[in-house]
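For the record, in the sequence shown the residue sitting at position 26 is 25 according to numbering that gives the first Met the number 0, with numbers rising by one throughout.
Don't be surprised by glycine CBs; every beta carbon is placed ideally from N, CA and C.
Reading through the structure tokens given below for one structure.
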Amino acid sequence: MRRLLMGLALSVVTVGWPAQAGGPPFRPMAPEFRITDLSGAAVSLAALRGQAVIVLFGDVSCAACVENDRLLRGYQFEYVSHGLVVVSLHERASLEAVRRYDAGFTFSLLTGPDPGQAVARRFQVRTLPTTVFIDRDGVIRNVRQGQLTEDQLLRSLQRIF
Numbered sequence: 000m001r002r003l004l005m006g007l008a009l010s011v012v013t014v015g016w017p018a019q020a021g022g023p024p025f026r027p028m029a030p031e032f033r034i035t036d037l038s039g040a041a042v043s044l045a046a047l048r049g050q051a052v053i054v055l056f057g058d059v060s061c062a063a064c065v066e067n068d069r070l071l072r073g074y075q076f077e078y079v080s081h082g083l084v085v086v087s088l089h090e091r092a093s094l095e096a097v098r099r100y101d102a103g104f105t106f107s108l109l110t111g112p113d114p115g116q117a118v119a120r121r122f123q124v125r126t127l128p129t130t131v132f133i134d135r136d137g138v139i140r141n142v143r144q145g146q147l148t149e150d151q152l153l154r155s156l157q158r159i160f
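Here you go:
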């Protein structure tokens, strides 16, 4: 029995263990996606590589989603020269509804519908709003569910820049 346990311990040391105590935390790569924005242009996450990306999953009729969107648009306006891109996806809205929604903001960004919730499913989104912070290498650094405070946003931005 002791040999079996020792052999198991050695194989773990030799092969490695994904969640080693004290080791670097596991950082998942963001799943690739392609959307069509309001202008009809196709945008992919791969095309945004090298930039800090925030993906907001929301709904045009959700008050917390609208507030998150407003906060994120303000910061994208300030940090666009630093390579910040915000993608605002709306799961349960038609293209026309998303166009009307986007027109209510003074600063537009990559906004579009998420037909069939295809992108949301790839990110395993279960709650709206959900905000995903992706660094320049395509690694998910933080996921926030619910309404964002400015402090939470600033801490999350530090992780992706």
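Start-to-end residues for the alpha helix (DSSP H) that takes in residue i
i      : result
Arg69  : Ala62 to Tyr78
Gln144 : Taken as a continuous stretch (DSSP letters only), Gln144 belongs to no alpha helix (DSSP H), being part of the beta strand (DSSP E) at Ile139 to Gln144.
Arg98  : Leu94 to Ala102
Backbone CA spacing between residue i and residue j [nearest angstrom]
i      : j      : result
Ile133 : Arg91  : 23 Å
Val59  : Arg98  : 10 Å
Arg33  : Ala45  : 9 Å
Ala41  : Asp113 : 13 Å
Asp68  : Arg143 : 13 Å
Val84  : Arg135 : 10 Å
Ala62  : Thr148 : 14 Å
Glu95  : Glu77  : 28 Å
Gln123 : Ser43  : 18 Å
Close-in-space but distant-in-sequence residues of the same chain around residue i (CB under 6 Å, 5 per side omitted)
i      : result
Ser155 : Phe132 and Asn141
Trp16  : In this prediction, Trp16 scores a pLDDT of 31, lower than 50, which makes its location untrustworthy; the coordinate-derived value is nonetheless stated afterwards. Nothing listed; no residue qualifies.
Tyr100 : Val59
Cβ pair residue i, residue j closer than 9 Å
i      : j      : result
Gly111 : Leu88  : yes
Val65  : Gly57  : yes
Pro27  : Ile139 : yes
Asp71  : Leu152 : In the sequence as presented, Asp is not what sits at residue 71; that position holds Leu. Against a cut-off of 9 Å, the Cβ pair of Leu152 and Leu71 comes out as a contact.
Pro128 : Leu55  : yes
Arg121 : Pro30  : yes
Val53  : Thr105 : At residue 53 the sequence reads Ile, which differs from the Val that was named. Going by C-beta atoms, Ile53 is not nearer than 9 Å to Thr105.
Range of the contiguous beta strand (DSSP E) that encloses residue i
i     : result
Ser43 : Ala41 to Ser43
Val54 : Ala51 to Gly57
Of the residues the options, the one placed nearest residue i, counting alpha carbons only
i      : options                         : result
Ser80  : Leu55, Phe25, Gln50 and Thr35   : Gln50
Ser107 : Ser43, Val86, Glu149 and Ala119 : Val86
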